[in-house]
Amino acid sequence: MLIFRNNRNLAIVALIAIVNALGYGIIIPILYPYSKSFGLTDFQNALLLSTFFLCSFFSAPIIGRLSDKYGRKPLLVTSIAGTATSFLLLAVAPNAIFLFLARALDGITAGNIPVVAAVISDTNESHNRAKGFGIIGASFGFGFFFGPAISALTVGFGTHIPFLIAALISIFATIITILFLPETNKNIGQVRKGKLFDFKRLAGALVHPAVGKTLFVSFLYNIAFGALLFAYQPFAIKILHFTPAQIGLVFTMIGAIGIFVQTFLLQRVIKKFGEKKTFTYAVFIASWAFVSYFFVRSVPIYIVTVIVFGFSNSFVGPLIQTLLSRETDEKSQGTIQGLNSSYVSIGNILGPIIAGALATFYIPLPFLLCALVGFSCFFLSFRIRKAPKEHAFG
Numbered sequence: 078m079l080i081f082r083n084n085r086n087l088a089i090v091a092l093i094a095i096v097n098a099l100g101y102g103i104i105i106p107i108l109y110p111y112s113k114s115f116g117l118t119d120f121q122n123a124l125l126l127s128t129f130f131l132c133s134f135f136s137a138p139i140i141g142r143l144s145d146k147y148g149r150k151p152l153l154v155t156s157i158a159g160t161a162t163s164f165l166l167l168a169v170a171p172n173a174i175f176l177f178l179a180r181a182l183d184g185i186t187a188g189n190i191p192v193v194a195a196v197i198s199d200t201n202e203s204h205n206r207a208k209g210f211g212i213i214g215a216s217f218g219f220g221f222f223f224g225p226a227i228s229a230l231t232v233g234f235g236t237h238i239p240f241l242i243a244a245l246i247s248i249f250a251t252i253i254t255i256l257f258l259p260e261t262n263k264n265i266g267q268v269r270k271g272k273l274f275d276f277k278r279l280a281g282a283l284v285h286p287a288v289g290k291t292l293f294v295s296f297l298y299n300i301a302f303g304a305l306l307f308a309y310q311p312f313a314i315k316i317l318h319f320t321p322a323q324i325g326l327v328f329t330m331i332g333a334i335g336i337f338v339q340t341f342l343l344q345r346v347i348k349k350f351g352e353k354k355t356f357t358y359a360v361f362i363a364s365w366a367f368v369s370y371f372f373v374r375s376v377p378i379y380i381v382t383v384i385v386f387g388f389s390n391s392f393v394g395p396l397i398q399t400l401l402s403r404e405t406d407e408k409s410q411g412t413i414q415g416l417n418s419s420y421v422s423i424g425n426i427l428g429p430i431i432a433g434a435l436a437t438f439y440i441p442l443p444f445l446l447c448a449l450v451g452f453s454c455f456f457l458s459f460r461i462r463k464a465p466k467e468h469a470f471g
């Protein structure tokens, strides 16, 4: 692809995104049944899922800000190495406590997304960033396409084997980063003095005229996404009677959709409708998919719902990052992406916990929560406006 020939750094971070998503894609289809083997209830599983996001809530803005101060590369290496260690802990876990420790460690070092997003901002002009974020999204989709398939093929040799493979893949990503990724931050050290984790700054960003509304919509949408991420597996296993291998195939399909959308459709749709309208349309369609999840009881209709949601959701993440990036000065790209990751994490903390509580009453009930939150995001998206340059976040 021409964009890779013209931007070596983008090719490298895309490869990093692929191997990291491979690791994540490997563990997601089996984490729920694996944790059930340790005696965890559905609500405890929701807490396990939220543990990662609780830790990343605190770590993401710290890592984003440190990458502005000390450079992208060292923070990216640290975060990927932490992920590798967490997968090893999952593989050898003797009890449920180790499961929580492993997910906490991965959350603490979960700086991949804000730092990779900052690399995109460092190496692309503002008008090309949507394309860069789309390529990274497609790379994650590529990983999610092959990761669940690897999990399904290897889990028969032992439930710990997929976790070991995920660890090896993350170690490979660490080596690639060390050897081939140059430092992209040309403004190292040129950041405002302040706390590494600043609750006041985090709250202040939510009311900032340039980025506040987008951050709030990102937070709300990820409550819905976090609830869906938890609710999907007990629903698929208990209502549709899916096996872990079949769950892996569904994730593989979602990954394939992500590759297609973010490689071939994203730029074409943005060119036709613009970033803001495309985002609004995507959230609207995703919200109707949430409604369908609540009512569906047959596998064919469920698959159609997964496809519709997969298409619409593949637009949302890259467009949120793009909308935030264009309203932020060049010296604060890592900071804003870290703040966004924190709000994503808050949403993904609350979503599974609420969904876990609702599922104890009625397994599909979390999907109704997703729909209500999704439509709230749709209506709020109309309030997102491009701010004057002098009001840029920084």
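According to my numbering, numbering within the sequence shown proceeds without interruption in unit steps and concludes at 471.
C-beta atoms are modelled at their ideal positions from N, C-alpha and C, and glycine is treated no differently.
Near residue i, which residues of its chain fall below 6 Å by C-beta distance, leaving aside the five closest residues on each side in sequence?
i, result
"Leu305", "Cys447"
"Arg82", "Because the pLDDT at Arg82 is just 48, under 50, the model does not fix this residue reliably, and the value given afterwards should be weighed accordingly. Answer for Arg82: no residue qualifies."
"Met78", "Unreliable positioning characterises Met78 in this predicted model, as indicated by a pLDDT of 47, which lies under 50. The coordinate reading is nonetheless provided below. Same-chain partners within the cutoff: there are none."
"Phe257", "Ile89"
"Gln344", "Lys208"
"Gly100", "Ala243, Ile246 and Ser247"
Helix, strand or coil for residue i per DSSP?
i, result
"Phe470", "strand"
"Thr261", "coil"
"Arg85", "helix"
"Glu202", "coil"
"Ile506", "Summary: the structure shown does not reach residue 506, with the chain confined to residues 78 through 471, and so no result is reported for it."
"Tyr439", "coil"
"Ala195", "helix"
"Ser118", "Here residue 118 turns out to be Thr, not Ser, going by the sequence shown. Three-state result, Thr118: coil."
"Phe374", "For clarity, residue 374 is Arg in the given sequence; the question names Phe instead. In the structure shown, Arg374 sits in coil (DSSP, three-state: anything other than H, G, I, E or B)."
"Val90", "helix"
"Val284", "coil"
"Gly235", "coil"
"Gly148", "coil"
"Phe175", "helix"
"Thr320", "coil"
"Ala170", "coil"
"Gly351", "coil"
"Thr186", "coil"
For the putative contact between residue i and residue j, defined by C-beta atoms under 8 Å, what is the C-beta separation to the nearest angstrom?
i, j, result
"Ile324", "Ala313", "6 Å"
"Val96", "Phe249", "6 Å"
"Phe455", "Val385", "About 15 Å; that fails the 8 Å criterion."
"Gly451", "Phe367", "5 Å"
"Ile253", "Leu87", "Rounded, the Cβ-Cβ distance is 14 Å, inconsistent with contact."
"Leu342", "Gly424", "So it is not a contact: roughly 25 Å between Cβ atoms."
"Leu427", "Ile331", "Not really, about 22 Å apart at Cβ, beyond 8 Å."
"Phe129", "Gly214", "Incorrect: roughly 20 Å between the Cβ atoms, too far for contact."
"Thr236", "Tyr111", "5 Å"
"Phe328", "Ile107", "Not really, about 11 Å apart at Cβ, beyond 8 Å."
"Thr133", "Ser364", "The sequence as given places Ser at residue 133; Thr does not occur at that position. Wrong, their Cβ atoms sit about 25 Å apart, outside the cutoff."
"Asp199", "Thr118", "About 44 Å separates the two Cβ atoms, so there is no contact after all."
"Ala137", "Ser419", "5 Å"
"Phe240", "Ala168", "4 Å"
Can you list, in chain order, the residues of its chain whose CB lies under 7 Å from that of residue i, leaving out five sequence neighbours each side?
i, result
"Phe388", "Ile334 and Val338"
"Leu283", "Gly289, Leu292 and Phe293"
"Phe319", "Ala313"
"Leu435", "Leu442, Pro443 and Leu446"
"Ile242", "Ile103, Ile227 and Thr231"
"Leu33", "The structure shown does not extend to residue 33, since the chain is modelled only from 78 through 471, so no value can be given for it."
"Leu182", "Gly159, Thr162, Ser163 and Leu166"
"Glu352", "Ala207, Leu396, Thr399 and Leu400"
"Phe221", "Ala98, Gly102, Phe328, Ile331, Gly332 and Gly335"
"Ile255", "Val154"
"Val373", "Tyr379 and Thr382"
Residues bridged to residue i by DSSP?
i, result
"Thr405", "Phe470"
Excluding the five sequence neighbours on either side, which residues of its own chain have a C-beta within less than 8 Å of the C-beta of residue i, listed in chain order?
i, result
"Phe115", "Ala170, Asn172, Ala173 and Leu176"
"Lys315", "Ile440"
"Phe459", "Thr357"
"Pro259", "Asn86 and Lys150"
With a cut-off of 8 Å, do at least 3 Cβ pairs link the region 238 to 257 to the region 160 to 169? Proximity of the region 238 to 257 to the region 160 to 169 meets the contact definition, three or more beta-carbon pairs being nearer than 8 Å.
Whether or not the region 147 to 158 and the region 184 to 192 are in contact is what I'm after, with contact meaning three or more pairs of Cβ atoms, one per stretch, closer than 8 Å; do they touch? Counting Cβ pairs under 8 Å, three or more are found: they touch.
Three or more C-beta pairs closer than 8 Å, one from the region 367 to 382 and one from the region 397 to 408: is that the case here? They do not touch, by the three-pair rule.
Taking contact to mean 3 or more Cβ pairs, one atom from each stretch, closer than 8 Å, check whether the region 211 to 229 and the region 122 to 132 are in contact. Taking a cut-off of 8 Å for Cβ pairs, the region 211 to 229 and the region 122 to 132 do not touch, as fewer than three such pairs fall below it.
For the region 129 to 144 and the region 412 to 423, state whether three or more C-beta atom pairs, one from each stretch, are separated by less than 8 Å. Yes, since at least three Cβ pairs between the region 129 to 144 and the region 412 to 423 fall closer than 8 Å, the two stretches touch.
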